[in-house]
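Enquirer:
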Amino acid sequence: MSSSAVGFDSLQHRDAEFRLRRQPALLQFVLLLHLSFITVALAGQVPPDESEHDPFGRSFSDSSTESDNPSGTPSSLTIDRSGRVTLIGPDMVPHLIVTPRIRVQLLGGSELQDGSDPVDFQGSDLLIEGSALESNHFRFRADLDGLRSPGTFSEAWIDRRIGTRLHLTTGRIPNALGLQGGIPLEDRLTISPGVLDWIDEGSSWALRAGGLWLDDAISADLQARLGGAADLRGEFFGGQGFAGRLSVQPFAPLLFGGPGAIDSSHSAFSMFIAGRWDHDLDGHFQIESPGESTIYRTQNLQMDSARWVRAGWRWPVLDWLHLENEWSRAGFFGVETNDPITDFPGELDGWQLGIRLLPFSDESLAIRSGPDLPPRLFDASSPHDRKDLEVLVRYEKADLGDELQQLGLLEAGTDAGGVEVFRLGICSRPSPWFRWLLEGTRTCTKGGTSSFDGLEVTSIRLMFEFGG
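Heads up, the working numbering is the position in the sequence shown plus 56, with the first residue counted as 1.
Structure (structure tokens):
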């Protein structure tokens with residue numbers, strides 16, 4: 057091949073990469089423009105008959121707006137002691153909430169590198185969400201540390217409810233493949249992502265349709281992934297494609313449980329299957345330990361397609377005890393190597409088994425699952441906001457195939473093989489504006505990793521979350 061042809065291919069690749077990196081910024085502008093159109097268009101509509109809702113205390117009302125709209129809901133601006141700002145426009149259009157959250161983490165364990173700062177503010181964010189007439193929702197989550205976002209926002213979506221069950225959503229949407237897919241950090245029982253989450257979670261610009269049916273016995277969604285796919289570190293990996301998820305409670309009263317299943321424990325048993333397919337992918341695929349050591353990282357791969365499958369179940373055995381089990385598998389196809397294009401159909405797979413407990417309470421455990429975006433009622437209190445001590449015990453295991461390593465496609469310092477994680481999480485929210493979470497992990501690897509001092513490391517994190 058001539059040098060001019062090589063130069064042309066290089067320029068073409070850089071141009072494609074430039075367009076990919078610019079795409080999220082363009083879509084953010086389109087989202088903000090779309091949001092302004094919705095707000096203006098709905099400003100003159102009459103909302104449903106709702107009682108005035110002011111859950112945050114002191115309110116500063118706009119008397120001029122109230123006199124102009126004597127029959128409607130007056131404007132108000134509310135500042136909560138936690139720092140949450142609530143703005144309600146005429147007739148509840150718009151209903152806007154700005155929530156700053158500061159997260160302080162204390163780090164320890166053998167995985168903490170010498171000279172590393174044992175205190176950080178990772179995960180702090182500014183959440184901007186709102187609604188117009190309870191049928192139009194939007195959410196923008198800006199990461200204040202900027203370490204794990206592919207851009208300004210880790211979440212940026214607008215949703216329109218059609219009828220009572222169906223939702224249409226567009227924007228940067230979290231992948232929702234696993235049991236906890238799409239659950240924000242403020243509602244999770246873990247601080248660091250799980251091994252399976254590294255395999256198939258992340259976010260991308262997408263168009264999504266989904267909802268809940270048969271008294272929540274069936275939930276489903278389908279996403280058209282438009283580009284800008286990123287992993288949990290915020291680094292770009294992926295392409296365009298499709299993703300979908302189906303969850304069923306087979307023993308619910310409206311399915312196979314019948315009337316006798318009402319208020320029974322087995323009626324809440326649920327199972328799910330989810331999948332994702334991307335084409336024309338590029339980027340580094342990576343997996344980190346709970347202490348943020350890089351376990352597995354490929355070189356910059358170019359491939360025709362990649363496929364992910366994840367399935368599992370949740371069984372509420374008792375009101376205070378839930379069992380959870382998940383499996384995940386990923387494969388890469390048409391990977392460009394020095395040899396002919398190669399397929400790796402089962403390069404990564406893993407499973408995890410978890411137990412959730414509410415040991416010192418007479419109340420029932422809340423179901424922690426990926427929410428139907430957005431919540432059914434805007435500004436509804438989270439079922440996870442409770443003072444009770446909640447405990448998670450989980451075992452995670454993944455097998456990282458060695459075919460990529462044999463072809464020299466892994467970066468130095470990482471290795472193929474197996475990884476096991478034992479995880480313990482304890483969480484409580486003593487007040488609406490304060491939550492603490494303690495996470496302890498032990499990570500074992502079968503392959504050698506330069507980031508590890510040996511083959512087994514521990515990590516301890518204590519996080520204080522202010523705001524909410």
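Ideal Cβ placement from N, Cα and C applies to all residues, glycine included.
What residue range does the beta strand (DSSP E) around Asp395 cover?
Expert: For this step, residue 395 is matched to residue 339 along the sequence shown. First-last for Asp395: undefined, no H or E at that position.
Enquirer: In the DSSP assignment, what residue or residues form a beta bridge with Arg195?
Expert: Taking the first residue of the sequence shown as position 1, residue 195 is located at position 139. Paired residue(s): Glu185 and Trp213.
Enquirer: Under 6 angstroms Cβ to Cβ from Ala61, same chain only, skipping five residues before and after it: list those, please.
Expert: Within the sequence shown, numbered from 1, the residue matching residue 61 stands at position 5. With a pLDDT of 42 at Ala61, under the threshold of 50, the modelled position of this residue cannot be trusted; read the value that follows with caution. For Ala61, where only same-chain residues beyond five positions count, there are no Cβ hits under 6 angstroms.
Enquirer: Considering only the beta carbon of each residue, do Thr514 and Ser248 sit closer than 8 angstroms?
Expert: If you number the sequence shown from 1, residue 514 lands on position 458. If you number the sequence shown from 1, residue 248 lands on position 192. No, these two residues do not count as a Cβ contact at 8 angstroms.
Enquirer: Can you have a look at Gly100 and say buried or exposed, based on whether 16 or more other CB atoms are within 10 angstroms of its CB?
Expert: Counting from 1 along the sequence shown, the entry for residue 100 is found at position 44. Note that Gly100 scores 41 on pLDDT, short of 50, meaning its location in the model is unreliable; the coordinates nonetheless yield the value given after this. The residue in question, Gly100, is exposed, as its Cβ has fewer than 16 Cβ neighbours within 10 Å.
Enquirer: Would you kindly work out how many angstroms separate the C-alpha atoms of Glu452 and Trp371, rounded to a whole number?
Expert: Along the sequence shown, one-based indexing puts residue 452 at 396. Along the sequence shown, one-based indexing puts residue 371 at 315. If you take the alpha carbons of Glu452 and Trp371, they lie about 18 angstroms apart.
Enquirer: Within 10 angstroms of the Cβ of Trp269, are there 16 or more other Cβ atoms? Answer buried if so, exposed if not.
Expert: Here the question's residue 269 lines up with position 213 in the sequence shown. Answer is exposed; the Cβ neighbour count stays below 16.
Enquirer: Tell me the rounded alpha-carbon separation between Val475 and Leu252.
Expert: Here residue 475 is taken as the residue at index 419 of the sequence shown, counted from 1. Here residue 252 is taken as the residue at index 196 of the sequence shown, counted from 1. Going from the Cα of Val475 to the Cα of Leu252 covers about 11 angstroms.
Enquirer: Report the option in Ala362, Gly234 and Ser132 whose CA atom is closest to the CA atom of Leu409.
Expert: Position 353 of the sequence shown holds residue 409. For Leu409, the nearest C-alpha among the options comes from Gly234.
Enquirer: Short check: CB of Arg154 to CB of Val175, under 8 angstroms?
Expert: Within the sequence shown, the letter at position 98 stands for residue 154. Within the sequence shown, the letter at position 119 stands for residue 175. Looking at the sequence shown, residue 154 is not Arg but Val. It is not a contact, given that the beta carbons lie outside the stated cut-off.
Enquirer: I want to know whether the segment 406 to 422 touches the segment 440 to 460 - three or more CB-CB distances under 8 angstroms.
Expert: Short answer: they touch.
Enquirer: How many angstroms separate the CA atom of His223 from the CA atom of Ala276?
Expert: Here residue 223 refers to the residue found at position 167 when the sequence shown is read from its first residue. Here residue 276 refers to the residue found at position 220 when the sequence shown is read from its first residue. The straight-line gap from Cα to Cα measures roughly 11 angstroms.
Enquirer: Just mark Asp181 as buried or exposed, buried being the case when its beta carbon has 16 or more other beta carbons within 10 Å.
Expert: Against the sequence shown, residue 181 aligns to sequence position 125. Classification of Asp181: buried, given that the 10 Å Cβ count is 16 or more.
Enquirer: Based on Cα-Cα distance, which residue from Gly179, Leu163 and Gln178 lies nearest to Ser172?
Expert: Locating residue 172 in the sequence shown gives position 116, counting from the first residue. The candidate whose alpha carbon is nearest that of Ser172 is Leu163.
Enquirer: In or out: Gly202 buried (at least 16 other Cβ within 10 Å) or exposed?
Expert: Residue mapping note: residue 202 aligns to position 146 of the sequence shown, counting from 1. It counts as exposed.
Enquirer: Just checking Arg195 against the ligand SAM - is the residue's beta carbon closer than 7 angstroms to any of the ligand's heavy atoms?
Expert: This structure lacks the ligand SAM, and indeed carries no ligand of any kind.
Enquirer: Going by other Cβ atoms of all chains shown within 10 Å of its Cβ, with 16 needed for buried, is Gln169 buried or exposed?
Expert: Start at 1 with the first residue of the sequence shown, and residue 169 comes out as number 113. When all chains shown are included, Gln169 counts as exposed.
Enquirer: Looking only at C-alpha atoms, which of Gly347, Ser361, Phe312 and Leu357 sits nearest to Asp334?
Expert: As a first step, residue 334 is located in the sequence shown; it is residue number 278 there, counting from the start. Asp334 has its Cα closest to that of Ser361, out of Gly347, Ser361, Phe312 and Leu357.
Enquirer: At which residue ranges does the segment 221 to 265 contain complete alpha helix (DSSP H) runs of 4 or more residues, listed in the order of the chain?
Expert: Listed in chain order, they are 251 to 256.
Enquirer: Which partner residues does Thr350 have in the DSSP bridge list?
Expert: Indexing the sequence shown from 1 puts residue 350 at position 294. Partner(s): Glu344.
Enquirer: Determine whether the beta carbon atoms of Leu465 and Leu357 lie at a separation below 8 angstroms.
Expert: Numbered from its first residue, the sequence shown carries residue 465 at position 409. Numbered from its first residue, the sequence shown carries residue 357 at position 301. Yes, Cβ-Cβ distance for Leu465 and Leu357 is below 8 angstroms.
Enquirer: Give the C-beta separation of Asp256 and Arg366 to the nearest angstrom, bearing in mind that I take them to be a contact with Cβ-Cβ under 8 angstroms.
Expert: As a first step, residue 256 must be located in the sequence shown, where it is residue number 200. As a first step, residue 366 must be located in the sequence shown, where it is residue number 310. Sure, about 6 angstroms apart at Cβ, within 8 angstroms.
Enquirer: Select from Phe490, Val449, Arg228 and Ala262 the residue whose C-alpha is nearest the C-alpha of Arg498.
Expert: Against the sequence shown, residue 498 aligns to sequence position 442. Closest option to Arg498, Cα to Cα, is Val449.
Enquirer: Kindly identify the DSSP beta-bridge partner or partners of Gln358.
Expert: For this step, residue 358 is matched to residue 302 along the sequence shown. Note: Gln358 sits in a beta bridge opposite Asp338.
Enquirer: Using only CA atoms, which one of Ser323, Glu419 and Gln178 lies nearest to Trp369?
Expert: Position 313 of the sequence shown, counted from the first residue, corresponds to residue 369. Comparing Cα-Cα distances from Trp369 to each of Ser323, Glu419 and Gln178, the minimum goes to Ser323.
Enquirer: Just to confirm my understanding: we take Gly145, look at its own chain, exclude 5 residues before and 5 after, and list those with CB closer than 6 angstroms. What are they?
Expert: Start at 1 with the first residue of the sequence shown, and residue 145 comes out as number 89. Ser131.
Enquirer: According to DSSP, is Gly313 helix, strand or coil?
Expert: Numbered from 1 along the sequence shown, position 257 holds the residue referred to as residue 313. Three-state result, Gly313: helix.
Enquirer: I need the straight-line Cα distance from Ile351 to Glu467, nearest angstrom please.
Expert: Your numbering for residue 351 matches position 295 in the sequence shown. Your numbering for residue 467 matches position 411 in the sequence shown. The straight-line gap from Cα to Cα measures roughly 10 angstroms.
Enquirer: Short of 6 angstroms in beta carbon distance, which residues of its chain neighbour Arg385, apart from the five on each side in sequence? Order them along the chain.
Expert: Start at 1 with the first residue of the sequence shown, and residue 385 comes out as number 329. Once the five neighbours on either side are set aside, the close Cβ partners of Arg385 are Val365 and Asp405.
Enquirer: Per DSSP, what kind of secondary structure is Ala422 in: helix, strand or coil?
Expert: Translated into positions along the sequence shown, residue 422 becomes position 366. Of the three classes helix, strand and coil, the one that applies to Ala422 here is coil, per DSSP.
Enquirer: By alpha-carbon positions, which one of Ser420, Val304 and Gly469 ends up nearest to Arg353?
Expert: Along the sequence shown, read from residue 1 onward, the residue named residue 353 stands at position 297. Ranking Ser420, Val304 and Gly469 by Cα distance to Arg353 puts Gly469 first.
Enquirer: Where does the unbroken beta strand (DSSP E) through Glu40 begin, and where does it stop?
Expert: There is simply no residue 40 to check, as the chain begins at 57 and stops at 524 in what is shown.
Enquirer: Using only CA atoms, which one of Trp489, Lys502, Glu512 and Arg517 lies nearest to Glu242?
Expert: Residue 242 sits at position 186 when you count from the first residue of the sequence shown. The shortest C-alpha separation from Glu242 is found at Trp489.
Enquirer: By how many angstroms is the C-alpha of Arg332 removed from the C-alpha of Gly295?
Expert: Sequence index remark: in the sequence shown, residue 295 carries index 239 (1-based). Sequence index remark: in the sequence shown, residue 332 carries index 276 (1-based). C-alpha separation (whole angstroms): 11 angstroms.
Enquirer: Considering only their Cβ atoms, is the gap separating Val141 from Leu189 smaller than 8 angstroms?
Expert: For this step, residue 189 is matched to residue 133 along the sequence shown. For this step, residue 141 is matched to residue 85 along the sequence shown. Contact flag unset, no.
Enquirer: For Glu190, which three-state DSSP category applies?
Expert: Taking the sequence shown and counting its residues from 1, the one referred to as residue 190 is at position 134. Of the three classes helix, strand and coil, the one that applies to Glu190 here is coil, per DSSP.
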